[in-house]
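Numbering follows the working numbering, with no gaps: position 57 of the sequence shown is 113.
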Amino acid sequence: MVLEVALIDVLPGHEDAFAAAYAQGLPVLAGTPGCRSVRMTRGVESPSRFVLIVEWDSVAAHDENFRATERFTQWRELIGPHFANPPLVEHFTDVPA
57 MVLEVALIDV LPGHEDAFAA AYAQGLPVLA GTPGCRSVRM TRGVESPSRF
107 VLIVEWDSVA AHDENFRATE RFTQWRELIG PHFANPPLVE HFTDVPA
């Protein structure tokens, strides 16, 4: 399992529209094979900053089942117009205790 973490800065004044677009696109993302869970958070100190956290079976599941498909195009068409700049996206794995 890997976590995709995306730091998303939206245009000031677009926060509510971005949140609505996220809600509309959530089934597209969450329904992707290999997607285990999706969570969006919003900054308290920086309310125009959002963090998307997605659990994937693997990096390949994210890349091949989502990013390389029409699902990503649909998702990006909904949320992309609200971006202040391109999101910073990275993958993470758990650190053993």
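Heads up, the beta-carbon is just placed ideally off N, CA and C, and yes, glycines get one too.
In this text, all values refer to a predicted model and were calculated from it rather than measured experimentally.
Excluding the 5 residues flanking residue i on each side, which residues of the same chain have their C-beta closer than 7 Å to its C-beta?
i	result
VAL58	TRP112, SER114, VAL115, HIS147, PHE148 and THR149
Whose CA, out of the options, lies closest to the CA of residue i?
i	options	result
GLY69	SER104, LEU144, ILE109 and ASP119	SER104
PHE122	GLY136, PRO89 and SER102	PRO89
ALA75	VAL107, ALA124 and GLU126	VAL107
TYR78	ALA153, VAL61 and GLY136	GLY136
ARG92	ALA124, HIS118 and PRO152	HIS118
ALA62	VAL151, THR97 and ALA153	THR97
Secondary structure at residue i, three-state DSSP: helix, strand or coil?
i	result
GLU111	strand
LEU85	helix
ALA62	strand
Below 8 Å on the Cβ atoms is my guess for residue i versus residue j; work out the distance and round it to an integer in Å.
i	j	result
LEU67	TRP131	The Cβ separation is near 18 Å, so there is no contact.
ASP65	ASN141	6 Å
LEU134	GLY81	4 Å
Please list, in chain order, all residues of the same chain as residue i whose beta carbon is under 6 Å from its beta carbon, the five residues on each side excluded.
i	result
GLY99	ARG105
ARG127	VAL84 and THR88
Quick check: does the Cβ of residue i come within less than 7 Å of any heavy atom belonging to the ligand ZN?
i	result
ASP72	In the structure on display, the ligand ZN does not appear, and there are no ligands present to speak of.
Between which residues of its own chain and residue i is the CB-CB distance below 8 Å, once the five residues before and five after are set aside?
i	result
PHE139	ILE64, ASP65, VAL66 and LEU67
Contained alpha helix (DSSP H) runs [length at least 4] in the region 93 to 149, N- to C-terminal order: 115 to 118 and 126 to 135
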